[in-house]
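Q: Those protein sequence lines, which keep their order, are chains A, B, C and D. Position 27 of the first sequence, counting from 1, maps to 675 under this note's numbering, and the rest follow consecutively. Position 101 of the second sequence, counting from 1, maps to 749 under this note's numbering, and the rest follow consecutively. Position 112 of the third sequence, counting from 1, maps to 760 under this note's numbering, and the rest follow consecutively. Position 22 of the fourth sequence, counting from 1, maps to 670 under this note's numbering, and the rest follow consecutively. Here a beta-carbon is modelled for each residue, glycine too, at the ideal position from N, C-alpha and C.
4 protein chains.
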Amino acid sequence: MHQSPDASPSANADEQQGHALAGAITNGVHRLRLRVYYEDTDFSGIVYHANYLRYCERGRSDCLRLIGIDQSRLHREEGGLAFAVRRMEIDFRRPALMDDVLDVETRIIETGGASLTMDQAVMRAGEFLVGARVAVACIRDGRPARIPASLREALAGMLAGSGKG
Amino acid sequence: MHQSPDASPSANADEQQGHALAGAITNGVHRLRLRVYYEDTDFSGIVYHANYLRYCERGRSDCLRLIGIDQSRLHREEGGLAFAVRRMEIDFRRPALMDDVLDVETRIIETGGASLTMDQAVMRAGEFLVGARVAVACIRDGRPARIPASLREALAGMLAGSGKG
Amino acid sequence: MHQSPDASPSANADEQQGHALAGAITNGVHRLRLRVYYEDTDFSGIVYHANYLRYCERGRSDCLRLIGIDQSRLHREEGGLAFAVRRMEIDFRRPALMDDVLDVETRIIETGGASLTMDQAVMRAGEFLVGARVAVACIRDGRPARIPASLREALAGMLAGSGKG
Amino acid sequence: MHQSPDASPSANADEQQGHALAGAITNGVHRLRLRVYYEDTDFSGIVYHANYLRYCERGRSDCLRLIGIDQSRLHREEGGLAFAVRRMEIDFRRPALMDDVLDVETRIIETGGASLTMDQAVMRAGEFLVGARVAVACIRDGRPARIPASLREALAGMLAGSGKG
Numbered sequence: 649m650h651q652s653p654d655a656s657p658s659a660n661a662d663e664q665q666g667h668a669l670a671g672a673i674t675n676g677v678h679r680l681r682l683r684v685y686y687e688d689t690d691f692s693g694i695v696y697h698a699n700y701l702r703y704c705e706r707g708r709s710d711c712l713r714l715i716g717i718d719q720s721r722l723h724r725e726e727g728g729l730a731f732a733v734r735r736m737e738i739d740f741r742r743p744a745l746m747d748d749v750l751d752v753e754t755r756i757i758e759t760g761g762a763s764l765t766m767d768q769a770v771m772r773a774g775e776f777l778v779g780a781r782v783a784v785a786c787i788r789d790g791r792p793a794r795i796p797a798s799l800r801e802a803l804a805g806m807l808a809g810s811g812k813g
Numbered sequence: 649m650h651q652s653p654d655a656s657p658s659a660n661a662d663e664q665q666g667h668a669l670a671g672a673i674t675n676g677v678h679r680l681r682l683r684v685y686y687e688d689t690d691f692s693g694i695v696y697h698a699n700y701l702r703y704c705e706r707g708r709s710d711c712l713r714l715i716g717i718d719q720s721r722l723h724r725e726e727g728g729l730a731f732a733v734r735r736m737e738i739d740f741r742r743p744a745l746m747d748d749v750l751d752v753e754t755r756i757i758e759t760g761g762a763s764l765t766m767d768q769a770v771m772r773a774g775e776f777l778v779g780a781r782v783a784v785a786c787i788r789d790g791r792p793a794r795i796p797a798s799l800r801e802a803l804a805g806m807l808a809g810s811g812k813g
Numbered sequence: 649m650h651q652s653p654d655a656s657p658s659a660n661a662d663e664q665q666g667h668a669l670a671g672a673i674t675n676g677v678h679r680l681r682l683r684v685y686y687e688d689t690d691f692s693g694i695v696y697h698a699n700y701l702r703y704c705e706r707g708r709s710d711c712l713r714l715i716g717i718d719q720s721r722l723h724r725e726e727g728g729l730a731f732a733v734r735r736m737e738i739d740f741r742r743p744a745l746m747d748d749v750l751d752v753e754t755r756i757i758e759t760g761g762a763s764l765t766m767d768q769a770v771m772r773a774g775e776f777l778v779g780a781r782v783a784v785a786c787i788r789d790g791r792p793a794r795i796p797a798s799l800r801e802a803l804a805g806m807l808a809g810s811g812k813g
Numbered sequence: 649m650h651q652s653p654d655a656s657p658s659a660n661a662d663e664q665q666g667h668a669l670a671g672a673i674t675n676g677v678h679r680l681r682l683r684v685y686y687e688d689t690d691f692s693g694i695v696y697h698a699n700y701l702r703y704c705e706r707g708r709s710d711c712l713r714l715i716g717i718d719q720s721r722l723h724r725e726e727g728g729l730a731f732a733v734r735r736m737e738i739d740f741r742r743p744a745l746m747d748d749v750l751d752v753e754t755r756i757i758e759t760g761g762a763s764l765t766m767d768q769a770v771m772r773a774g775e776f777l778v779g780a781r782v783a784v785a786c787i788r789d790g791r792p793a794r795i796p797a798s799l800r801e802a803l804a805g806m807l808a809g810s811g812k813g
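1. How is B:Ala-732 classed by DSSP in three states: helix, strand or coil?
2. Could you name the residues of the same chain whose beta carbon sits closer than 8 Å to that of D:Arg-721, not counting the 5 residues immediately before and after it, in chain order?
3. For D:Lys-804, which residues of its own chain have a beta-carbon under 7 Å away from its beta-carbon, when the five flanking residues on both sides are left out?
4. Using only alpha-carbon positions, find the residue among B:Met-746, B:Arg-772 and B:Phe-740 that is nearest to B:Val-752.
5. Along the chain, where does the alpha helix (DSSP H) that runs through C:Gly-693 open and close?
6. Kindly list the residues whose CB is nearer than 7 Å to the CB of B:Asn-756, restricted to its own chain and excluding five residues on each side of it in sequence; keep chain order.
7. For B:Leu-764, list the residues DSSP reports as bridge partners.
8. For A:His-678, write down the residues that DSSP places opposite it in a beta bridge.
9. At the 7 Å Cβ level, is A:Gln-651 part of the contact set with chain D, yes or no?
10. What are the residues of the segment 710-744 of chain B that lie near chain A, defined by any Cβ-Cβ distance shorter than 9 Å?
11. Between the alpha carbons of B:Gly-676 and C:Phe-731, how many angstroms are there, rounded?
12. If you count every other CB in all the chains shown that lies within 10 Å of the CB of B:Arg-791, and 16 or more means buried, which is it?
13. Any contact between the segment 736-751 of chain A and the segment 671-685 of chain A? By contact I mean 3 or more CB pairs, one from each, below 8 Å.
14. Using a Cβ-Cβ cutoff of 9 Å, what residues of the segment 689-704 of chain B are near chain C? List them in chain order.
15. Along chain A, in chain order, which residues have C-beta atoms closer than 9 Å to that of D:Gly-790?
16. Ends of the alpha helix (DSSP H) at B:Arg-713?
17. Please look up how many angstroms separate the CB atoms of B:Glu-775 and D:Ala-698, rounded, as I've assumed it's under 8 Å.
18. Could you give the DSSP three-state label for A:Glu-726: helix, strand or coil?
19. C:Pro-797: buried (16+ other C-beta within 10 angstroms of its C-beta) or exposed?
20. Evaluate B:Glu-801 with the Cβ neighbour count: other Cβ atoms within 10 Å of its Cβ, from every protein chain shown; 16 or more gives buried, anything less gives exposed.
21. Check the Cβ of C:Met-746 against every Cβ in chain D and list those closer than 7 Å, keeping chain order.
22. How many angstroms separate the CA atom of D:Ile-717 from the CA atom of D:Leu-799?
23. With which residues is B:Ala-769 paired in a DSSP beta bridge?
24. For B:Arg-791, which three-state DSSP category applies?
25. Taking Cβ-Cβ distances shorter than 7 Å, what residues in chain A pair up with B:Glu-687?
26. Can you name, in chain order, every residue of its own chain whose Cβ lies under 6 Å from the Cβ of B:Cys-630, other than the five neighbours on each side?
27. According to the neighbour-count rule (16 or more other Cβ atoms, all chains shown, within 10 Å of its Cβ), is B:Arg-742 buried or exposed?
28. Based on Cα-Cα distance, which residue from D:Arg-702, D:Leu-745, D:Phe-740 and D:Asp-739 lies nearest to D:Val-733?
29. Considering only the alpha carbon of each residue, which of C:Arg-708, C:Glu-726, C:Thr-689 and C:Ala-780 lies closest to C:Ile-795?
30. Using DSSP with H/G/I as helix, E/B as strand and the rest coil, what is C:Arg-683?
31. Checking 7 Å against the spacing of the C-beta atoms, do A:Ala-780 and A:Val-684 come in under that value?
32. Output the distance between the C-alpha atoms of D:Ala-668 and D:Thr-674, rounded to the nearest integer angstrom.
33. Give me the residue from A:Asp-690, A:Leu-729, A:Val-695 and A:Val-778 with the minimum Cα distance to A:Arg-788.
34. Using the rule of at least 16 other Cβ atoms within 10 Å of the residue's Cβ for burial, across every protein chain shown, is B:Arg-706 buried or exposed?
35. Does the separation of the CB atoms of B:Val-784 and B:Phe-740 fall below 7 Å?
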């Protein structure tokens, strides 16, 4: 009873197209919109600080997804190839609150042979809340691994776009 | 319609309309679409079981939001009035995986003076993964509190809609 | 006994022995003591309901650990053998608060060829807060798998102990 | 000493004394031992990066607890006084794995009128895994607030101890 026979295929075409579940890239900036739920807050009434890192990771994952990089397939088909965060610098300027609608902005600012650097910002209606600089390494079996050429091209495309942004 | 057109100056009009961030109610069923990210999985390769409860809570919060119940405002303006989960029965049938797109379906199946019961299902492309029956109590200062009349009307509307579903 | 004396060169012998990090089994009941931190609470001021499932899972993992079942080794050495939660019934009676010290009690109440059932309780200074009945299946590649004989013996030992509790 | 002898009627005296639930301060370094559970890992097989921030926050909370600063009481009795993270720099050197026993080390390296800076390290059997420099502000109603004199004294005590470490 929990599902109509056509539950997901059933979502109509408008909904399908409308759901930009992975956000969008415009002028070299990826934007992902998300909501603050109970799970994100703590007893002091605001979003728990570590949860901004979850938001940022969602932004990075969807940014990579939109430029054609499928992390679960990479991991499965490229012998455990994965992107791992090596370093983060995070500024917590203003707190987000329960029910807030936030935008996570992601920019690729540098790519190397086995690493990339991203700038991220968590915004609320255009107001800057939290910023992060993130150094990510490509690894296999815990060791640095060269980013495959096809991926580097995809990343470079966004980097170039960023220049125009 | 779930967000004002100027919620984020940076998003264009198409994105605005497309993003039904709080899901939608059709024939008494609320549906919220969401993505599985790194944060949701565990080392066994699937979604960590407790995280389905986070998904369900997002579904309940957005369902209440769409029928006009703002939980953070309730808490602030009605002397700490809150909805608290009293009991859950959860069937974990099949696992969700990294990168999956899921739909959380929420139905209100009963309302009382100070409580309500909901049926929820986590679906993947029409396939049933996890089901939950959830008993929720309205509380203030840790004690059962009567659901305000305006809220009960809103809930009844969805309950009626459910009958037609 | 739960850690080798040289696990951490920096901790002195007293600390080593004192830290019963995995709790203890007495009369068929496993007890794990834990603290409520910021991360566990939500803006309504209490522990977020899904987090009791994290507490219960810690209790089950440490209970299995103390009777000699190492889940990460099982997964690695037995072709992906894992314990997966199939069903939970959870009663949320009273809320836990920031800084609370809690005890998670775990009892094995039934074992089958490929499954086991546990009763769990989250207590605060002897007061019952949350109870859970948990059905766990042994799986491999997503399919039910027979619990290895050595594990069943270990589980039966605790089940017997429970009878005396 | 960190819990009254009758905190849990069900635990025997040995367990009581053994459980140094809040860790210990030695020569200006606070150490908290913790376990990696399912909830902490992700599908790539290691601890999800944001969860090291949860570990660090547990370390800071217990460090403050041991020098006599009760954050939930502060929040309740000092008009919402709270410590909020303003900035973090985090180096993720090596990954922690399921079932690992970790030590979170916390040092207070600077205190100001309304802020303090801490150095933290997540260690495994003496091996450095993750390091964090954390700037914390004392706030009330979202604005910087002077750290009460009694707290500053407590913090200074640990700072001095650190010099000897």
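A: Taking the geometry as given:
1. In the structure shown, the three-state DSSP call for B:Ala-732 is strand.
2. Nothing listed; no residue qualifies.
3. The sequence shown places Ala at residue 804 of chain D, not Lys. These residues qualify, in order along the chain: Thr-759.
4. That would be B:Arg-772, whose Cα lies nearest to the Cα of B:Val-752.
5. For C:Gly-693, there is no enclosing alpha helix (DSSP H), as DSSP gives it neither H nor E.
6. It should be pointed out that residue 756 of chain B corresponds to Ile in this sequence rather than to Asn. Closer than 7 Å at the Cβ level, and outside the excluded window around B:Ile-756, lie Leu-764, Met-766, Leu-803, Met-806, Leu-807 and Ser-810.
7. Answer is B:Thr-759 and B:Val-784, bridged to B:Leu-764.
8. Looking at the DSSP assignment, A:His-678 forms a beta bridge with A:Ile-673 and A:Thr-754.
9. Annotation note: pLDDT 36 at A:Gln-651 (below 50); position unreliable, no value reported.
10. If the cut-off is 9 Å between Cβ atoms, the segment 710-744 of chain B has Asp-710, Arg-713, Asp-718, Gln-719, Ser-720, Arg-721 and His-723 near chain A.
11. Each residue's alpha carbon lies about 36 Å from the other.
12. B:Arg-791 is exposed by the Cβ-count criterion.
13. Per the Cβ contact rule, the segment 736-751 of chain A is in contact with the segment 671-685 of chain A (3 or more Cβ pairs under 8 Å).
14. Under the 9 Å Cβ criterion, the segment 689-704 of chain B contributes Phe-691, Ser-692, Gly-693, Ile-694, Tyr-696, His-697, Ala-698, Asn-699, Tyr-700, Leu-701, Arg-702 and Cys-704.
15. Within chain A, the residues near D:Gly-790 are Ile-694, Arg-742 and Pro-743.
16. Element bounds for B:Arg-713: 699-714.
17. By a beta-carbon distance limit of 8 Å, B:Glu-775 does not contact D:Ala-698. Their separation comes to about 29 Å.
18. DSSP places A:Glu-726 in coil when its eight states are reduced to three.
19. Checking the sequence, you will find Ala at residue 797 of chain C rather than Pro. Sixteen is the threshold: since fewer than 16 other Cβ atoms of the shown chains lie within 10 Å of the Cβ of C:Ala-797, the residue is exposed.
20. If you draw a 10 Å sphere on the C-beta of B:Glu-801, you find fewer than 16 other C-beta atoms in it, and that means exposed.
21. Per Cβ cutoff of 7 Å: Ser-720.
22. When only Cα atoms are considered, D:Ile-717 and D:Leu-799 end up about 7 Å apart.
23. Beta-bridge partners assigned by DSSP to B:Ala-769: B:Glu-753 and B:Gly-779.
24. The three-state secondary structure of B:Arg-791, taken from DSSP, is strand.
25. Chain-ordered, the chain A residues with CB closer than 7 Å to the CB of B:Glu-687 read Arg-702 and Glu-705.
26. Because residue 630 of chain B is not part of the residues shown, which for chain B are 649 to 813, the question remains open.
27. Burial check for B:Arg-742: the Cβ neighbour count within 10 Å stays below 16, so the residue is exposed.
28. Check the Cα spacing between D:Val-733 and each of D:Arg-702, D:Leu-745, D:Phe-740 and D:Asp-739: the tightest is with D:Arg-702.
29. For the set C:Arg-708, C:Glu-726, C:Thr-689 and C:Ala-780, the Cα lying nearest the Cα of C:Ile-795 is the one of C:Glu-726.
30. Here C:Arg-683 sits in strand by DSSP.
31. No, these two residues do not count as a Cβ contact at 7 Å.
32. One C-alpha to the other measures close to 13 Å.
33. The shortest Cα separation from A:Arg-788 among A:Asp-690, A:Leu-729, A:Val-695 and A:Val-778 belongs to A:Leu-729.
34. Answer is buried; the Cβ neighbour count reaches 16.
35. For B:Val-784 and B:Phe-740, no; Cβs fall outside 7 Å.
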